[in-house]
Structures are given as C-alpha cells and as structure tokens.
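Single-structure report; data block below.
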Amino acid sequence: MISLKACKSCRSISEGAKCPRCGGETSREWQGYLVVIDPEKSEIARKMGIHAAGRYALRVK
Ligand SMILES: [Zn+2]
C-alpha cells in the first residue's frame, strides 16, 4: 500500500520523502484532499495560495 505524503511548505501531495514540486520536506500527517484543475478559477486555490494544478492537502502537520 502506498502512503501518500503532503509537502509542509506547498502542501502538494506526493509519494516521496521530498516534494517533487518545491523540494520541501513531506509529512504523513495531513488531512483533507483538494484537487486543483484550474487554479485561476478555483476560489479555494486562490485562498490557499496555490498557483499550479495538482493534488493538495488541506492541512499538513
Ligand atoms: Zn512542496
């Protein structure tokens, strides 16, 4: 079973120990799941400061 991890700095979800997007540290302790397809049109993405499409965690510990 693959355990997904979320980046502590940009909240991007990945499977590695380091974030493929920003190179930041990832954590297994995260909650919520957000798929951003079009960050320009997503109000949640704008509020969270997301500028790229992808999968994100809502909360990362
Ligand atoms: Zn990151």
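Residues 102 to 162 in my numbering are what the sequence shown spells out, letter by letter. All C-beta atoms, glycine included, are put in the ideal place defined by N, C-alpha and C.
Span separating the alpha-carbon of residue i from that of residue j
| i | j | result |
| --- | --- | --- |
| I138 | S104 | 23 Å |
| R156 | Y134 | 7 Å |
| S128 | I145 | 22 Å |
| L159 | M149 | 9 Å |
Any non-hydrogen atom of ligand 1 within 7 Å of residue i CB
| i | result |
| --- | --- |
| G125 | yes |
| R129 | no |
| R160 | no |
Identified DSSP bridge partners for residue i
| i | result |
| --- | --- |
| E126 | K119 |
| K142 | Bridge partners of K142: none, in fact. |
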